[in-house]
Each structure stands twice: as structure tokens, then as C-alpha cells.
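Counting along the sequence shown from 1, when you hit position 1 you're at 1 in full-length UniProt numbering, and nothing is skipped either side.
Positions of the beta carbon are idealized from the N, C-alpha and C atoms, including for glycine.
Read through the structure below, which is laid out as C-alpha cells, and then see the notes.
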Amino acid sequence: MKRTWQPKKRKRAKTHGFLARSGSASGRNVLRRRRRKGRAKLSV
């Protein structure tokens, strides 16, 4: 049976990357929250 997690670097960056996040309003909210929380990594 095929597993649900088939890692792909491109897909990961496209969906969760910094540019993807900063490209939409809700993504910018995510970055803002993570900055406020003090995360070492804001995105992938």
C-alpha cells in the first residue's frame, strides 16, 4: 500500500515555503504569528 507521505522538495517549498507564504494575505498572517511567537524557522 502506498503511504500518504511521499516527500518532494519542490512540493514542500511550493506549499510551505517563504515565498508561498508571503504571496497571500493569510500566509503573511502565518509569518506574522510565527515572528511574534519567536520561531527560529518562519517557513520551510
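- Taken in chain order, the complete alpha helix (DSSP H) segments of 4 residues or longer contained in the UniProt region "Disordered" (1-44) are 9-16, 18-22 and 25-37.
- With contacts defined as CB atoms closer than 9 Å, S43 and R28 fail to qualify as a contacting pair.
- For R12 and S24, the gap between their C-alpha atoms comes out near 17 Å.
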